[in-house]
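Here the sequence shown is numbered in the UniProt record's numbering, starting from 1 and rising by one per residue.
Where a beta carbon is used, it is the ideal one built from N, C-alpha and C, also for glycine.
Note that the structure is a prediction, hence the values are computed from the model and not measured.
Beneath this line is the structure, given in structure tokens, with notes to follow.
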Amino acid sequence: MAMLCFLLDLRSLSSPLLRDLKQSLLQLANYYSISVPEINDNCNRIRSRALRDRIGLCYVFRNRISCSDELKVAYNPSVNFNLRDFHHAVNNIPNDAFSPEFDESGALCCKDLKLSDVLNGEVIYSWGGNDRHISKKIILLSSCVVKSLDSMTIKALTEAAEKFVSVEFVFLEQNSSHLGDSPENINNFIKQIGCLENCSLRMFVPDSHALLGLVKRWLQELKEDTEESLQARFLFKVDLMNNLNQISCNLCASVHPIIDGFIPCQTCRCHGIPLDKSNESKTRRSCCPVTSNELGALDLIENSVKIGEQTILYMPSFQCIQKLQQISSPVDFNVIQRTNLRLLSEGLIMGSTYVVTPTCNDSHDNDKSEHNTQLFQLVCSVLNSLDQGLVCSSSCNIGTAIETSFKCYYILLPSDKGVMLLRRLAGSEEVLPTPDVSQFLSSTLAKEIEDTVQASLLKIEVSEYNPVQHERGFHQKLNLLVKESLQFGAIPPKTKEATSESDLTLQESSAKVQPILQLDIKHLDDKMSACITEEWEQLVITDVVNMNSPTCISKPKLDESPLHNKRQVDEKTSRILERLEVPRQLKRKTVSPTISSSVCADMGASLKKPLIPYGPGNTIDQGPTASQPRKPSFQRRKR
């Protein structure tokens, strides 16, 4: 990031050229106003901060009364950037200050650029405070080259280099031959600044593309995130050359999207900050975002417009800006032109991809639906054969599903599968200049190294890309997380009381998990025994069904049985003997398989309950006087 000071030489800038330069400066200010500087606080949360003022504006003109060259500061940067004041300063630059001077050869020339006046403590050194992290740069815009720099200017440039202030001379070449600089003047100037490390020279033909490129370049120097490019490495399974299997790269965005519109808002008169609508809807009152004091009707500025995140414009009362609305179906796309897909840069495509298929209308209009499908297929087939796409415009951003105040451009791509794809294209305001790759290209490459790299790349498997064969690992990762979560403990059953309480928070529900996990160790053996008993019961019942034995046996009521006349039998021991006795007796007995359907219906729900063993020589008894369980005997046999 840097602080830019623009110095315009109005003496050499014609009126049409000055008009274009003014528009370029306004575009730079507009770009900078919607840029959002973000920082991380102590809680690692991303929040935006105030937009610092890093643009200064000066110009050199000739006073017609005194006939002397003077320097005037049009915009002096303060703490926070003010878009309205900068526009006012640019629009007030005089348009009639063009007063060219010609040398002996008839070429346009100028004697003094007033650089020594800019490089002093009152102008460039006083801007930006004592922040050493911000570099300062003077950009001189002129149409002629100075023949020679005087000693005072060279001394000021040398001192500026020690204070990390750079100077860039931007000379806009004139189309007319009599206004152009001679090669001798240009070579002489290059020699003078060649010994200064903080000086550079750029020459452009002032057309629309060159000026737009300058604006984007200046924007990159102003923005704070230009130095924070993403570092990446591409790793290969084979060595490319000299035991190197990776390439280190920088990742930078090719398109910088702009906002879709301007949002009306309310601001407080005390600080000029937009009010928080979410907080206002909860409390039903307006509060100052800084002091949290309640604001009345006279303390609010109703007619304000939010430009980006940190720029506010105050509008007159009659100014009305519509809010951005959600898009309504159908969305209209106006076809503008055809374009060759082989010449379309992939860096201009942005946003998501949408699959386009023909619409099937209602069944009452089958002919119209069929014609629409045929027309769609013909358009797709013809475009695919020509290898061309259709450039369209729309007033909707389908990525955000919001109607925009500006046009959005899209490309309709055909395919050989009968469907088409819709992608968004970058406009002139969104295209960033491509990085200069000439410094990375080597003039000569050894043939042996090239053959080695080619042989290494040919070892990599080549095939058509099929997304089905390239898993990202979503299901594997999620299944692993669920498996680990299941080890946390059993899922507690839902009770009526728990389901009726709808106001339980996440903290309360998580707090109840801990008592569930704290099991009583004393009852652990009982629960394990009950689990084994239940499994044995199911095993016994399954064996009974397979042997064509009675599937429904009425269970006598234990409460009515005379169990208290003798010592009460241990319950666990009784159940174990019951399971052991039933299969043995069923093998010796032949029971009629015909059972009443009513008995089966009554006992269908109790199949998993413990079965009571038969008494010796007894038959199945449905009455209350059922045979009692056998008393176990644990006497050891004498050898």
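- Secondary structure note for VAL482: it is in no beta strand (DSSP E), and the uninterrupted alpha helix (DSSP H) holding it is 474-486.
- According to the DSSP assignment, CYS249 belongs to the beta strand (DSSP E) that extends over 246-251.
- Contact check for ARG11 against PHE102 fails: the beta carbons are separated by 8 Å or more.
- When only Cα atoms are considered, GLN454 and ALA253 end up about 29 Å apart.
- ILE411 sits close to LEU425, with the two beta carbons spaced by under 8 Å.
- If you keep only unbroken beta strand (DSSP E) runs of at least 3 residues inside the region 353-408, you get 388-397.
- In the three-state DSSP reduction, ASN340 falls in the strand class (E or B).
- A distance below 8 Å separates the beta carbons of VAL215 and SER24.
- Only exposed fits LEU298, as fewer than 16 other CB atoms lie within 10 angstroms of its CB.
- Proximity of the region 262-274 to the region 305-315 meets the contact definition, three or more beta-carbon pairs being nearer than 8 Å.
- When GLU448, GLY56, PRO94 are compared, the shortest CA-CA separation from ASN82 is found for GLY56.
- Among the bridge pairs identified by DSSP, PHE61 is matched with GLU70.
- Looking at the DSSP output, SER200 sits in a beta bridge with GLU168.
- For LEU119, the secondary structure class from DSSP, reduced to helix, strand or coil, is coil.
- Beta-bridge partners assigned by DSSP to CYS265: SER304.
- No Cβ-Cβ contact shorter than 8 Å links LYS191 with SER166.
- DSSP places ASP20 within a helical segment (H, G or I) once states are collapsed to three.
- Within the same chain, Cβ atoms closer than 7 Å to the Cβ of ARG217 are found at PRO433, the five residues on either side in sequence being excluded.
- Secondary structure note for SER135: it is in no alpha helix (DSSP H), and the uninterrupted beta strand (DSSP E) holding it is 135-142.
- Counted as a single uninterrupted DSSP element, the stretch harbouring GLN325 is not any alpha helix (DSSP H), since DSSP gives it neither H nor E.
- Under the Cβ criterion (8 Å, minimum of three pairs), the region 387-398 counts as touching the region 322-337.
- In this structure, the CA atom of ASP20 is about 10 Å from the CA atom of LEU212.
- One Cα belongs to GLY194, the other to MET1, and the distance between them is close to 25 Å.
- Within the same chain, ASP387, GLN388, GLY389, LEU413 come within 8 Å of LEU341 by CB-CB distance, once the 5 residues on both sides are set aside.
- Counting C-beta atoms within 10 angstroms of its own C-beta, PRO206 has 16 or more neighbours from the protein chains shown and is therefore classed as buried.
- With 16 or more other Cβ atoms inside 10 Å of its own Cβ, PRO77 counts as buried.
- Going by DSSP, MET3 is part of the beta strand (DSSP E) stretching over 2-9.
- Between GLU168 and ILE124, the C-beta gap is not smaller than 8 Å, which leaves the two residues out of contact.
- Spanning the alpha carbons of SER248 and PHE236 requires a straight line of approximately 12 Å.
- Residue environment for ALA446: exposed (fewer than 16 other C-beta atoms within 10 angstroms of its C-beta).
- Contact annotation, VAL60 with LEU113: C-beta distance approximately 7 Å; criterion of less than 8 Å satisfied.
- Distance between LEU7 and TYR409, taken at the CA atoms: about 36 Å.
- The continuous stretches of alpha helix (DSSP H) do not include THR311, which lies in the beta strand (DSSP E) extending over residues 311-314.
- Distance from the CA atom of GLN374 to the CA atom of LEU17, rounded to whole angstroms, is 53 Å.
- Linking ASN30 to PHE189 through their CA atoms gives a straight-line distance of about 34 Å.
- A residue is called buried once 16 or more other Cβ atoms fall within 10 Å of its Cβ, and VAL468, having fewer, is exposed.
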